[in-house]
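Report on one structure; see the data block that follows.
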Amino acid sequence: MKFNHFAVITTEMKSAIAFFRDIMELPVSGDEGYAEVDAGGFVFSLMPNALVPLTGQPQGIILQFELEDVASRAERIQQRGGKLLYGPRVTDWGTESVFVAGPAGLVIELYRWRQDQTH
Numbered sequence: 410m411k412f413n414h415f416a417v418i419t420t421e422m423k424s425a426i427a428f429f430r431d432i433m434e435l436p437v438s439g440d441e442g443y444a445e446v447d448a449g450g451f452v453f454s455l456m457p458n459a460l461v462p463l464t465g466q467p468q469g470i471i472l473q474f475e476l477e478d479v480a481s482r483a484e485r486i487q488q489r490g491g492k493l494l495y496g497p498r499v500t501d502w503g504t505e506s507v508f509v510a511g512p513a514g515l516v517i518e519l520y521r522w523r524q525d526q527t528h
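Each residue of the sequence shown is one higher than the last, beginning at 410 in the working numbering.
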């Protein structure tokens, strides 16, 4: 078995597409019936709730993106209307991290490993 894909199921396809395209600045293809987000080497999909009805928001899931300049990206996210939940801060395990409120109850982490840390 090989894991190769995941889907974010949402009742708000239009706002989920806008979040990943406009706030996170990721390429998004598709429409409100089905969309794919290119996360820089990994593609995940956005699917309407009607396909697989959900009874609640996801819990315990964090989508993590590694990048070089966390502070600048956090500032751009705020300027574009995104909501920061945490940070940017240096964590106990050696990353500079910021957590962003995502669509469908998701938490998005943007992080970079500090040069003085190994992973």
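Glycine included, C-beta positions come from ideal geometry on N, C-alpha and C. These figures come from a predicted structure and were not determined experimentally.
For residue i, the residue or residues it bridges with in DSSP
i	result
residue 499	505
residue 438	445
residue 493	509
residue 418	456
Chain-order list of residues whose beta-carbon lies under 8 Å from that of residue i (same chain, five-residue window excluded)
i	result
residue 496	479, 483, 505, 506, 507 and 508
residue 485	434
Reduced DSSP category for residue i - H, G, I as helix; E, B as strand; rest coil
i	result
residue 521	strand
residue 484	helix
Neighbourhood of residue i by C-beta, 6 Å cutoff - its chain only, sequence neighbours within 5 removed
i	result
residue 491	432 and 509
residue 471	516 and 518
residue 417	455 and 513
residue 430	437
residue 498	none
residue 420	458
7 Å CB neighbourhood of residue i in its chain, flanking five on each side removed
i	result
residue 469	none
residue 424	512
residue 489	431 and 432
residue 413	none
C-beta atoms of residue i and residue j nearer than 7 Å
i	j	result
residue 426	residue 444	yes
residue 457	residue 422	yes
residue 415	residue 453	yes
residue 477	residue 523	no
For this session: Within the segment 449-479, note down every full beta strand (DSSP E) run reaching 3 residues or more, in order along the chain.
Result: 452-457 and 471-475
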